[in-house]
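Participant: I have a structure here, written as structure tokens, and I will follow up with some questions on it.
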């Protein structure tokens with residue numbers, strides 16, 4: 745999260761960023777606790793600033809009650825790819841994670 749907030753000036757741009765944050769963190773190194781359900785829009789925007797023009801963010805979370813609200817990210821194209829990322833033969837009623845491919849509009 746510190747890297748997203750203050751990336752090195754010479755870092756360049758990425759074609760792909762895998763963003764798989766924890767569900768919750770109250771690390772003493774942070775000013776406020778991180779909650780994926782509340783903080784994902786800000787973090788995705790910060791990731792997007794590090795992308796090439798045609799870059800993509802793969803956003804994944806294992807928070808079972810997570811809801812991605814597309815209204816919070818209108819400037820992006822969001823494609824849920826959860827089913828494509830679940831191992832063959834997985835039969836649980838609830839997926840172990842959810843995953844989206846995110847691109848700029």
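In my numbering, the protein residues as written are 745 to 849. Glycine included, each C-beta is placed from N, C-alpha and C at the ideal position.
(1) Pick helix, strand or coil for residue 802, following the three-state DSSP scheme.
(2) Report the rounded CA-to-CA distance for residue 746 versus residue 824, giving the unit in angstroms.
(3) Here's the rule: buried if 16 or more other CB atoms are within 10 angstroms of the residue's CB, otherwise exposed. What is residue 815?
(4) Between the alpha carbons of residue 838 and residue 784, how many angstroms are there, rounded?
(5) May I ask which residues mark the beginning and end of the beta strand (DSSP E) holding residue 748?
Facilitator: In this structure, then:
(1) strand
(2) 27 Å
(3) exposed
(4) 21 Å
(5) Run containing residue 748: none in the beta strand (DSSP E); it sits in the alpha helix (DSSP H), 746-749.
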